[in-house]
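**Q**
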Amino acid sequence: MFYAPASGGVRTYLDAKHRRLGDRPGIRHSLLIPGAHLSEHDGIYKVPAPALPFGKGYRFPLRLAPWRNVLRDLQPDLIEVGDPYLTAWAALDARRQLDVPVIGFYHSDLPLLVSNRMGNWFTPNIEAYVSKLYGNFDRVLAPSQVMADKLTGLGVKNVFVQPLGVDLQTFTPAARDPELRAELGIAEDTRLLIFAGRGSKEKNLPVLLKCMKRLGERYHLLLVGSSMPAVVPDNVTVVDEFCPAPQVARLMASADALLHAGDQETFGLVILEAMASGIPVVAVAAGAFTEIVHEDCGLLCTPNNPQAMANAVRQLFAEGCQRRGLLARRHVERHYAWDTVVNSLLGHYYAVLGEQMPMLANG
């Protein structure tokens, strides 16, 4: 159910996997997502599910049977579950009928999501639910070590870290547009920072705004995405809408660095996109960021501390952004190309199938 018109990293992962597995000989990959009516196009099946009120395109499945029936008709050799709700139980139900392995991919920290919105009262119940559900899968994948450790701490077995990847063709230094500063009405020597993503509570955007007040007029921040704040300092520009990847890539490559104050990220795909665009990162030392932001690629600072973030930004520019940007691009080319990620994912698939993985070459 994380697949929606304006959804982020999970949809990016699903689309990238679907496209690349579709090009592999001997593999048929089907993607089941919520939709208004049952339909199929290019191996993507929309299964009826009601829209969430004010959900910006998200739908929440309420009936098990439609999902189980599509799975049964497809006769898959393996099922990967992408969310922890009804569709997960439909997959486990289909496993009993089809006698196939099921992998669970733990994309979101469900106990943390619930506690953020409803308080800590429900945390023990949600943790018990996660432990029970993911304990049923033949193998569990997590996008970062911090997420894998949380699952292991809940007693879940067979947990493996499987990072996501980044589109190196879309997010590239070649997307840089030297006219962007003129469009924004800022001087050529202004130090341009960017944040791209949803303006949800866990992104901690107020920290970015307070940081920009401390940095002053020599610095400018571009906020790109839906649900952005309406009231911002003079040195902040807001693009309050969901932007397609090529548009985000142009803005990324034209900035000097990415700024990110989110302290609950399970992976942080936008950080990889910035690094692939050839710009370094200033982020908080929390969540999965400590795993993916190496010293050569950016700087980490104390969470929820605007002054610490402003200091890190000044240090980044004092030490030189361009060198770190070049190293960041090389780092993601080496470790996070989608072909590398999909090859790793196939290793998990063949393992639960009990088959030897054929030799694969990166494209």
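Just add 290 to the spot in the sequence shown (first one is 1) and you have this note's numbering. Where is the CB? At the ideal position from N, CA and C, for every residue including glycine.
Since H638 and F427 are thought to touch, with beta carbons under 8 Å apart, how far apart are those beta carbons, to the nearest angstrom?
**A** Their Cβ separation, rounded to whole angstroms, is 11 Å, which puts H638 and F427 out of contact at 8 Å.
**Q** Using three-state DSSP, classify K336 as helix, strand or coil.
**A** Three-state DSSP puts K336 in a strand.
**Q** Rounded to whole angstroms, what is the Cα-Cα separation between N601 and L590?
**A** Straight-line Cα distance between these residues: approximately 11 Å.
**Q** When the Cα of V514 is compared with those of V560, D479, E478, which residue comes out closest?
**A** Looking at the Cα atoms, V560 is the closest of the given residues.
**Q** Is it right to say S329 is buried, meaning 16 or more other beta carbons lie within 10 angstroms of its own, or is it exposed?
**A** So S329 ends up on the exposed side.
**Q** Cβ of R353 within 9 Å of Cβ of Q387?
**A** Cβ atoms of R353 and Q387: not closer than 9 Å.
**Q** Let's test the definition: count the other Cβ atoms within 10 Å of the Cβ of M408 and tell me whether it reaches 16, buried, or not, exposed.
**A** M408 is exposed by the Cβ-count criterion.
**Q** Is it buried or exposed for W628, if we count other Cβ within 10 angstroms and need 16 for buried?
**A** By the neighbour-count rule (16 or more Cβ atoms within 10 Å), W628 is buried.
**Q** Buried or exposed for W357, please, with buried defined as at least 16 other CB atoms from any protein chain shown within 10 angstroms of its CB.
**A** Flag for W357 reads buried.
**Q** Look up T527 in the DSSP assignment and say whether it is helix, strand or coil.
**A** Three-state result, T527: strand.
**Q** For E581, which option in I323, Q452, D332 has the closest C-alpha, if you only look at C-alpha atoms?
**A** Looking at the Cα atoms, Q452 is the closest of the given residues.
**Q** From F292 to I369, what does the alpha carbon distance come to, in whole angstroms?
**A** Computed Cα separation, rounded: 17 Å.
**Q** Cutting at 8 Å between CB atoms, please list the residues of its own chain near L321, excluding the five before and the five after it.
**A** Within the same chain, L321 has close Cβ partners Y293, L304, H308, G333, I334, Y335.
**Q** Quick one: residues in its chain with C-beta nearer than 6 Å to the C-beta of L482, no 5 flanking neighbours on either side, listed in chain order?
**A** Excluding residues within five positions, the ones whose Cβ falls inside 6 Å are H510, A545, D546.
**Q** For P534 and V446, I'd like the C-alpha separation in whole angstroms.
**A** Rounded to the nearest angstrom, the two C-alpha atoms are 37 Å apart.
**Q** Under three-state DSSP, which class holds I317?
**A** DSSP places I317 in coil when its eight states are reduced to three.
**Q** Give the range of the beta strand (DSSP E) segment to which S329 is assigned.
**A** Its beta strand (DSSP E) spans residues 329-331.
**Q** When we look at the beta-carbon of G443 and count the other beta-carbons within 10 Å, is it buried (16 or more) or exposed?
**A** So G443 ends up on the exposed side.
**Q** Closest to T413 by C-alpha separation, out of P593, I317, L402, G425, would be which residue?
**A** The candidate whose alpha carbon is nearest that of T413 is L402.
**Q** Within this structure, are the beta carbons of Q537 and E492 separated by less than 9 Å?
**A** No, the pair does not count as a contact, with Cβ atoms beyond the cut-off.
**Q** Taking just the CA atoms, how far does I317 sit from A380?
**A** A380 and I317: Cα-Cα distance of roughly 23 Å.
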